[in-house]
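Numbering (the working numbering), first residue to last: 576 to 734.
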């Protein structure tokens, strides 16, 4: 499984951070799991009052993140899922989302928790969605990664 060797991330010390969650709407069951995992991680970190934006699909995540990054936020969480089909669409959407979200993070200096599942099958997505019976919780992990990065970067204020 892809999570083998991952560090144990603690969300302690993140209270008071300003976080926004942006989530795609495709694949409702998987997205429900990712959002639940993200909400659990935010609750564990005692990060409250977290706006959630819903965009149509994964392709729209970068533009939403870019707009949010221009506001007073400490971290952005991007959640979505793309399941491979029979056309090259999968590669285009995955590449656009990955490069777009990376660009937003690097240019803004704001951590973007990458909770976008890129899977060959629905079963793979469900296994990573943090649902009962899932082996991974990528929504929780995306939040944890962004919060840890944001708390570490707090010692280097943005200008």
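Glycine included, each C-beta is placed from N, C-alpha and C at the ideal position.
All figures in this text were calculated on a predicted structure; none of them were measured in a lab.
Item: Helix, strand or coil at residue 625 [DSSP, three-state]; Value: coil
Item: Contiguous beta strand (DSSP E) assignments of at least 3 residues, all confined to the stretch 662-697; Value: 687-694
Item: Residue 623 versus residue 678 - alpha carbon distance; Value: 27 Å
Item: Chain C contact for residue 733 (CB, 9 Å cutoff); Value: Among the chains in the structure shown there is no chain C, since it carries only a single protein chain.
Item: Beta-carbon contacts of residue 696 that lie in its chain and below 7 Å, excluding the five residues immediately before and after; Value: 658
Item: Assumed close pair residue 650, residue 686 - CB separation to whole angstroms, cut-off 8 Å; Value: 5 Å
Item: Residue 712 (DSSP reduced to helix, strand or coil); Value: strand
Item: Segments of 4+ residues assigned as alpha helix (DSSP H) that fall wholly inside the stretch 607-656; Value: 636-644
Item: Backbone secondary structure at residue 605 - three-state DSSP; Value: helix
Item: Residue 613 and residue 729 closer than 9 Å at C-beta; Value: no
Item: Sequence-distant residues of the same chain with beta carbon closer than 8 Å to residue 610, five excluded per side; Value: 596, 598, 627, 654 and 714
Item: Nearest neighbour of residue 602, chosen from 732, 630, 620 and 676 [CA to CA]; Value: 630
Item: Contacts around residue 731, its chain only, beta-carbon distance under 7 Å, and the 5 residues preceding and following it disregarded; Value: none
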